[in-house]
Amino acid sequence: DGKTMSTHGQTADADERQMRVEGKRDRLELAREAGWGGVSWRSVVAGVFVAYGVIGACIGIAAAVLNPMGFTLDNLSDDDWQRLGLIAGLVAAAVFLGAFTFGGYTAGRMARRAGLRNGVLVVVLGVVLLVVVATVAQLQGATSAIADRLESLGAPTDGTTWYGLGVSSGAVALGGMILGGVLGGVRG
């Protein structure tokens, strides 16, 4: 019928009318003209909520799967605890990668501009929130209560057993957060 269509910028029909498809540059220019900066804080906060929501859902799924299987932490040796800690650290890194990919994507898509910047800010705000929660837990004595509970289960709670594993797991999880926020933000 004489109509041609392209999603790469312009379409033309039989009447020779031109119609533009909005692209990233168009959205950035529109945002600049409207006086908006490159950061949408509402989008960043929504991205953090999405990321931590995904993490919470993954914890719930893990509990729902492991509990009926009869998985318990009773009678584990120090080596078993270290293996379990390594596996948990790697799984946490994968979960953080996926969660912050979704969070960065959400922020980038909602902002409709500067997805990379908004995705990185999801990670920054997520880390700040994590530090605030850890600080409040420390001030309220919750960290010693957690250590006492782990000790009652037979887990080694001395610093030498967990230091290397904790640092490496934390670094890998942080790397997953950063990579996820960047990838999600760019895709958003």
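Start counting at 1 in the sequence shown, then tack on 65, and there's your number in this note's numbering. Don't be surprised by glycine CBs; every beta carbon is placed ideally from N, CA and C. As the structure is a computational prediction, the values presented were derived from the model and not from experiment.
query = Can you tell which of L149, V192, M134 has the C-alpha that lies nearest to the C-alpha of R141?
reply = Rather than Arg, the amino acid found at residue 141 in this sequence is Leu. Of the listed residues, the one whose Cα sits closest to L141 is L149.
query = Is it right to say F161 is buried, meaning 16 or more other beta carbons lie within 10 angstroms of its own, or is it exposed?
reply = buried
message = If you measure between the beta carbons of L138 and L218, is that distance less than 7 Å?
response = yes
task = Please say whether V113 and G235 have beta carbons closer to each other than 7 Å?
result = no
query = Counting along the chain, where does the alpha helix (DSSP H) carrying N183 start and finish?
reply = 180–204
ask   = Under three-state DSSP, which class holds R177?
value = coil
query = Quick one, which of A164, S108, A111, G88 has its alpha-carbon nearest I124's?
reply = A164
task = Take A158 as the anchor and find which of D223, L230, M134 has the nearest alpha-carbon.
result = L230
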